[in-house]
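Participant:
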Amino acid sequence: MICPHTLLFGILFHARAFRNSRLTSKAQLRKLFISKGCEQLLVPLDPTKSDWYIFCKTELVNGTPTIQRTVPMSKSAMSTLLVTFGEIRGWKGAFHAHQFRYGSGKVLNESGKYFHAGL
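Here the sequence shown stands for residues -11 to 107, numbered as in this note's numbering.
1. Have a look at S38 and W79 and give me their C-alpha separation to the nearest angstrom.
2. Alpha carbon to alpha carbon, how far is I(-1) from Y41? Give it in angstroms, no decimals.
3. Between S67 and E47, what straight-line distance do the alpha-carbon atoms span, to the nearest angstrom?
4. Helix, strand or coil, according to DSSP, for E47 in the structure here?
5. Kindly indicate which three-state DSSP category G106 falls into: helix, strand or coil?
6. Going by DSSP, what residue range makes up the beta strand (DSSP E) through I22?
7. Could you spell out where the beta strand (DSSP E) holding V59 opens and where it closes?
8. Helix, strand or coil for M(-11)? Go by DSSP, reduced to three states.
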């Protein structure tokens, strides 16, 4: 199953996007402690990477896949990936980015089958 949280953290770890440069894996994240009396732990992002895109463009440069962090992924590339992710997950029919814009994503949230973290 494709978990959006795992995907997002994987991208952030790969980009070394956290202010704490030693925070590079889920295992290291689990070692952090929430202070007594607090309900959350802030894990700030590196401000020098604020112009980077989470879903950025990739291209082949001399036969090597290269991540272009400051260039957004095209809408067509994102749509293609969403369809592929939907097929891998086993969702019936195609899964498109515009479905969330027009409220069809609400069906997923209210189905009770998928975790919604309130993001």
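Glycine included, every Cβ here is placed at the ideal spot set by N, Cα and C.
Given the structure is predicted, the values throughout are model-derived calculations rather than measurements.
Facilitator: The structure says:
1. Each residue's CA atom was taken as its position, placing S38 and W79 some 34 Å apart.
2. A straight line joining the alpha-carbon of Y41 with that of I(-1) spans about 10 Å.
3. Rounded to whole angstroms, S67 and E47 show a C-alpha spacing of 17 Å.
4. Here E47 sits in strand by DSSP.
5. Low local confidence applies: a pLDDT of 44 at G106 is under 50, so the model's placement there is unreliable, and no value is given.
6. That residue, I22, is in no beta strand (DSSP E); it is neither H nor E in DSSP.
7. Its beta strand (DSSP E) spans residues T52 to P60.
8. Low confidence applies here, because M(-11) scores a pLDDT of 49, under 50, leaving its location unreliable and the question unanswered by this model.
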